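> What follows is a structure written as structure tokens; I'll ask about it next.
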Amino acid sequence: MAEFRFQLATLLRLRQTARDECRLRLAEARRNEEDLRDRLTRLADERKRLQSRRRRAAPTGDVDVDGVVEIERYAAMLDSEESRLNTRLTTLAGEIDLHRQSLLKADREAQSLEKLRDKQLHRHRREENRKEEKLQNETALAVQSLGR
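Sequential numbering from 4 applies to the sequence shown in this note's numbering.
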């Protein structure tokens, strides 16, 4: 039986490699998104602790001005960090969408060649089976004619 050789095997490997790279980029972007969301969660927890500190520092008589200023400065820093993380999250959402689109395109391109390869392999096997059957029939006829 002749060995099947797909003429576009190199192109198929290139497309499969491109698809794998797209998958990796998408997975990395999703991990980055998850990290940002975790950081935002920790920031929200820190904001709750800060609110608790604010309540404890509420005037009950003597006001600790330095403490209040420190708390407000820290709150402003948390606001700034939250804004920066949300901006990055928005940017990352766009990147994830682009990576998803790239992966879909790369997947379609690889699948089209995989289908072509499978179709040609099926045709090759069918042709090889046909040749084998023809050879067996010819052999059987030759044996039969020698037997007469």
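Glycine is no exception: its CB is placed at the ideal position from the N, C-alpha and C atoms.
Nothing here was measured: the structure is a model prediction, and the numbers come from that model.
Just the C-alpha distance for Gly97 and Arg26, rounded to the nearest angstrom, thanks.
Taking the straight line joining both Cα atoms gives about 16 angstroms.
> Among Ala5, Phe7, Arg28 and Met4, which residue has its Cα nearest to the Cα of Leu107?
Answer by Cα proximity: Arg28.
> Would you call the CB atoms of Phe9 and Gln104 closer than 8 angstroms?
No.
> From Asp41 to Ala60, what distance separates their C-alpha atoms?
When rounded, the distance between both Cα atoms is 29 angstroms.
> Anyone know if the C-beta pair for Glu36 and Leu95 falls short of 8 angstroms?
Against a cut-off of 8 angstroms, the Cβ pair of Leu95 and Glu36 comes out as a contact.
> Grab the span of the alpha helix (DSSP H) containing Asp67 for me, first residue to last.
Unbroken run through Asp67: none, as it is neither H nor E.
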